[in-house]
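Working notes, structure below.
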Amino acid sequence: MPWKWIAAGCGGCFVLTTAALVALVLVIGRTMQFAFGPEGVNTDQTPFTYTLPGESEGVLDMNMFGMRMVQITSTDTPPSVLLTMGRLPGYLQSSADQASFIEAFQEGMIGDENYQLDPPRTEERRLCGQTVPVIVQTGQFQEDQTTYATTSLMAAVDHNRRTQFVWILAHGENANPNAEQVFNSLDCR
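If you read the sequence shown in this note's numbering, its first letter stands for residue 8, the second for the next number, and so on.
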């Protein structure tokens, strides 16, 4: 008789654990979505309209816990422009949270030892009809035995009560003009 109760208790625990795991998988599946490559990235619904020099293609489209991020790159090798843009989730809307996110994001993206960048400077520029601080860095990128000039521009702007961010990383002899051209083409959607 006591074995029946033990078996029923163990069976109940197993069913509850399995149901909790299924619920967790469903929640994660709805809050995290990733797409890679030109076929999977929807470039028609990016946070900004943009123009890249030459041909371009989407390489990453990510939705994760309320944050949307899309990466577009030029098709030359190595890519002369990498454009990363996105929307911050509602829980990262304070100025301190935004600054912390942008700093951590940039460090993570340029943490590669192949980049040798000068200290960042901040410039005021127009983006989506607003004057915003833009973090500017220049330097070099080395791949194999070749060294390329590099320009990085990063900014965030409030649009429709949400913060949108953009990061432009340009390489090559036209790194600075290409980065400027892409930045000047940006407009919020």
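Just so you know, even glycine gets a beta-carbon here, dropped at the ideal spot from N, CA and C.
Bridge partners - residue i, DSSP secondary structure assignment
{"i": "S159", "result": "Q144 and L176"}
{"i": "F55", "result": "C195"}
{"i": "R169", "result": "H166"}
{"i": "Q149", "result": "T154"}
{"i": "A42", "result": "D68"}
C-alpha distance - residue i paired with residue j, whole-angstrom precision
{"i": "V66", "j": "P140", "result": "27 angstroms"}
{"i": "T170", "j": "L95", "result": "6 angstroms"}
{"i": "T154", "j": "R196", "result": "36 angstroms"}
{"i": "N70", "j": "Q147", "result": "31 angstroms"}
{"i": "A126", "j": "V189", "result": "Note that residue 126 is Pro in the sequence shown here, rather than Ala. For P126 and V189, the distance between alpha carbons rounds to 22 angstroms."}
{"i": "N185", "j": "L160", "result": "11 angstroms"}
{"i": "E120", "j": "T145", "result": "15 angstroms"}
Secondary structure of residue i, DSSP reduced to three states
{"i": "G61", "result": "coil"}
{"i": "Q226", "result": "In the structure as shown, the chain begins at 8 and stops at 196. Residue 226 is therefore absent and cannot be evaluated."}
{"i": "N181", "result": "coil"}
Sub-8 angstroms separation of residue i and residue j beta-carbons
{"i": "G179", "j": "A156", "result": "yes"}
{"i": "S87", "j": "N191", "result": "no"}
{"i": "P85", "j": "E150", "result": "yes"}
Near the ligand HEM: residue i beta-carbon under 7 angstroms from a heavy atom
{"i": "E187", "result": "Among the components of this structure there are no ligands whatsoever, and the ligand HEM is therefore not found."}
Completely contained alpha helix (DSSP H) runs for the segment 67-144, where each covers 4 or more residues: 102-116
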